[in-house]
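Heads up: the sequence shown begins at 2 in this note's numbering, then just goes up one per residue. Encoded as structure tokens, the structure appears first; notes follow it.
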Amino acid sequence: MKGTYFLGNGNFEIREKALSSLGPDEVLVRVAACGVCGTDVHIYHGDKGSAEVHPPVILGHELAGIVERVGENVDLVAAEDHVAIDPNIYCGKCRPCRQGKKQLCENLSAIGVTRDGGFADYCVVPQTQCFKVDQEIPIEHAAMAEPLACCIHGIDRAGIRPGSAVCVIGGGAIGLMMVQLARIAGASSVVLSEPNAFRRKVALEIGVDAAIDPLEEDLAARYEEVTGIHGADVVIECVGNTKAVEQAFAVAGKGAEIVLFSVPKPDTFHPLSLDDVYHKELSVTGSMIDPDTFERAVSLLNERRLKLAPIITHAYPTDRLEDAIRMQMSDESIKVVVSPDLTEPVALQPGESWKSYIFHAEIR
Ligand SMILES: [Zn+2]
Ligand SMILES: [Zn+2]
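In structure tokens:
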């Protein structure tokens, strides 16, 4: 097999890797699509992901593919099944794990972070990490199961109830899934704050009630104008800089729940108005990965409850990973995926799936 190894310091190298024999509970997945995540960009720049990275390692934790072979004890999936992979593996032994908070596991390992992942043509995973997806779903949508599962945990943390007024800060792939999940969770209004005009347009197509440019307008004032509500009940921040956090607090109404969902740089601090927390009785919460939410993510995918095609804007061959990461960082893209089945980069039109590329390409 072939994998794009991360060597540290922003360096990648394509290497051959021998396919070892499968353990009894292991599954060999032929990778069809793998998303480039914000945390991959962090790792590329030398920061850590959900767990510490020790190069050389094949990154890529948002993967989906087709089961090629299974170990002798495997009964969850079979050859030819289409699967999305939950990358996060918990120890089950540490205090958080034994308190039902596995996402805070002290010995977390993750496919595509601490062990070889999806920026390769094959990936070996424990069967418990495999979730079967409908074969009719474009495989790049299945690769969105992991970020979607993380978003579902964030939505759970946000405590959205029927009739909640929700404001999402940041219209990247995460923000654009959050607005849809907020609606599914019962929000009466969903407003997005996003400076990039292209992303605002996509958000309006997806179905937000309003998309506000926070650089051109005062977010809190405009929010009140469009909703008639003095501050949101739930604010979900999906950007990861202090400006966005400031906006999240500004647009939060009385009794609001603020979820700081983004992965910030480790040295980011935000001054907090204690008076605001007191007088508005604010709750501020973080959200870490995807504890027991993957099954629900796959259910939503299989039931086609989300619009993902407008979010996935570019697809690259896996061996052009650095170009894909650069595109993920640019304003032109929303979500970039890579596939070993592509030979050239593809800019996807909204609604277009490149499924055909995968199943009709001359593969390996
Ligand atoms: Zn991710
Ligand atoms: Zn643990």
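For glycine and all other residues, C-beta sits at the position ideal for the given N, C-alpha and C. All of these numbers come straight from a predicted model, not from anything done at the bench.
Per DSSP, the continuous alpha helix (DSSP H) segment holding Thr243 begins and ends at 243-252.
For His46, the closest of Val32, Asn12, Ala79, Val58 by C-alpha to C-alpha distance is Asn12. With distances taken between CA atoms, Ala143 lies nearest to Phe295 out of Asp324, Leu343, Phe295, Gln329. Around the beta carbon of His280, fewer than 16 other beta carbons sit within 10 angstroms, so the residue counts as exposed. Close to ligand 1, as judged by a C-beta nearer than 6 Å to any of its heavy atoms, are the residues Cys38, Thr40, His62, Glu63, Glu147, Pro148, in chain order. Set against 7 Å, the gap from the CB of Gly93 to the closest heavy atom of ligand 2 is smaller. With respect to the 8 Å criterion, Ile290 and Gln104 are classified as neighbours on the basis of their beta carbons. Cβ-Cβ distances below 7 Å link Cys168 to Val192, Ser194, Tyr224, Ala233, Val236, Val252 in the same chain, with the five nearest sequence neighbours on each side left out; the list follows chain order.
By the Cβ-count criterion, Phe270 is exposed, with fewer than 16 other Cβ atoms from all chains shown falling within 10 Å of its own Cβ. Residue range 174-185 is occupied by the alpha helix (DSSP H) that includes Ile175.
Annotation: the continuous alpha helix (DSSP H) that includes Ile326 extends over 322-330.
Bounds of any alpha helix (DSSP H) do not take in Thr269, whose DSSP letter is neither H nor E. Distance between Ala52 and Val42, taken at the CA atoms: about 14 Å. Distances from the CB of Pro97 to the heavy atoms of ligand 2 include at least one below 7 Å. With a beta-carbon spacing of about 22 Å, Thr5 and Val264 fall beyond the 8 Å limit used to define contacts. Annotation: the continuous beta strand (DSSP E) that includes Thr314 extends over 313-318.
Setting aside the 5 residues that flank it on each side, Ala348 is surrounded in the same chain by His315, each with a C-beta closer than 6 Å to its C-beta; the list follows chain order.
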